[in-house]
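Everything on this sheet refers to the single structure shown next.
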Amino acid sequence: MTPLQFQAKTAKGGASLLLWSSGLLLLWLLALAAFRELLPATAWAMLLLVCLIALVLAYARLTEPWLVLEATEQGLTFFHRKGNWVLPWQECGLVTVPELNGQELAYVGIRLKQQSPFLSRLSPRLAVALLMEQRNLLLSAVGQNCPTGQCPSAFFMETNPCLVEGKVYKGVIGMFGQRMQTLRQLIGFELYIPLNALSENPQIFCRTINQLRLQYSENTVT
Numbered sequence: 001m002t003p004l005q006f007q008a009k010t011a012k013g014g015a016s017l018l019l020w021s022s023g024l025l026l027l028w029l030l031a032l033a034a035f036r037e038l039l040p041a042t043a044w045a046m047l048l049l050v051c052l053i054a055l056v057l058a059y060a061r062l063t064e065p066w067l068v069l070e071a072t073e074q075g076l077t078f079f080h081r082k083g084n085w086v087l088p089w090q091e092c093g094l095v096t097v098p099e100l101n102g103q104e105l106a107y108v109g110i111r112l113k114q115q116s117p118f119l120s121r122l123s124p125r126l127a128v129a130l131l132m133e134q135r136n137l138l139l140s141a142v143g144q145n146c147p148t149g150q151c152p153s154a155f156f157m158e159t160n161p162c163l164v165e166g167k168v169y170k171g172v173i174g175m176f177g178q179r180m181q182t183l184r185q186l187i188g189f190e191l192y193i194p195l196n197a198l199s200e201n202p203q204i205f206c207r208t209i210n211q212l213r214l215q216y217s218e219n220t221v222t
């Protein structure tokens with residue numbers, strides 16, 4: 001099988017944005033030198049702030065991985081600026097856009113057949129980044145499942161060590177294991193890929209990944 005690669009939407013346009021923001025900063029410098037007295041200092045400062053924000057956004061896009069996901073005969077590889085995770089097909093369950101109270105979330109959810117092997121391969125650096133990025137997802141899930149406001153504290157207790165399928169995980173890996181168990185309980189999936197990172201239509205993406213999962217893990221063709 002030729003690797004099937006999915007480009008990261010968040011990485012597109014970084015070079016053009018960098019050129020545009022650099023040109024904007026150059027224009028600001030020239031305008032400041034020639035027309036300093038035409039605008040108050042606060043106006044020049046605000047224009048400079050716009051230029052700097054554009055440069056920061058350009059840098060952020062340039063540092064994003066070009067690929068968000070790659071599918072091979074062995075499984076899936078997810079790429080992140082803080083690292084990547086690998087998921088063999090035999091550990092991969094249903095892939096779909098999950099829902100809360102009938103509303104689709106802005107994520108693709110991946111259900112795991114086993115949690116422990118994934119945690120054993122996960123790097124602490126990537127675990128920290130994902131814990132922070134998925135905080136809003138956790139808040140949304142807790143809010144939907146605790147309408148009275150009496151139970152959120154239990155879901156936020158990401159303590160360690162964490163027992164997963166008979167194996168103990170400590171530190172940030174233990175915290176991520178607790179997060180996976182909580183999200184599985186609240187939403188039904190352990191792993192999440194933001195929709196804004198995908199260039200493909202979410203439904204087509206999920207259908208493609210599920211077909212590959214069935215083909216290579218169960219030797220069936222759909």
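Quick note: the sequence shown, position 153, residue 153 per our numbering, numbers continuous.
Each residue gets a CB set at the ideal place from its N, CA and C atoms; glycine is no exception.
Note that the structure is a prediction, hence the values are computed from the model and not measured.
- Taking every protein chain shown into account, the CB of residue 121 has fewer than 16 other CB atoms within 10 angstroms, so this residue is exposed.
- Residue 190 counts as buried, since at least 16 other C-beta atoms from the protein chains shown sit within 10 angstroms of its C-beta.
- By the neighbour-count criterion, in which a residue is buried when 16 or more other Cβ atoms sit within 10 angstroms of its Cβ, residue 213 is buried.
- Taking each of 54, 111, 45 and 8 in turn and checking the Cα distance to residue 183, the smallest one comes out for 111.
- Listed in chain order, the non-local C-beta contacts of residue 42 below 7 Å within the same chain number zero, local neighbours out to five positions each way being set aside.
- The stretch 77–84 makes contact with the stretch 121–131, as at least three CB pairs between them are under 8 Å.
- With a cutoff of 8 Å on beta-carbon distance, residue 104 and residue 3 are scored as not near each other.
- In the DSSP annotation of this structure, the continuous segment of the beta strand (DSSP E) that includes residue 163 starts and ends at 162–164.
- Bounds of the beta strand (DSSP E) holding residue 111 are 107–112.
- Here residue 74 carries a coil assignment [DSSP, helix/strand/coil].
- By the C-beta criterion, the stretch 174–182 is judged not to be in contact with the stretch 195–212, since fewer than 3 inter-stretch pairs fall below 8 Å.
- With fewer than 16 neighbouring CB atoms inside 10 Å of its own CB, residue 168 falls in the exposed class.
- Judged by DSSP in its simplified three-state form, residue 39 adopts coil rather than helix or strand.
- Scanning 173, 209, 188 and 24 for the CA closest to the CA of residue 5 turns up 209.
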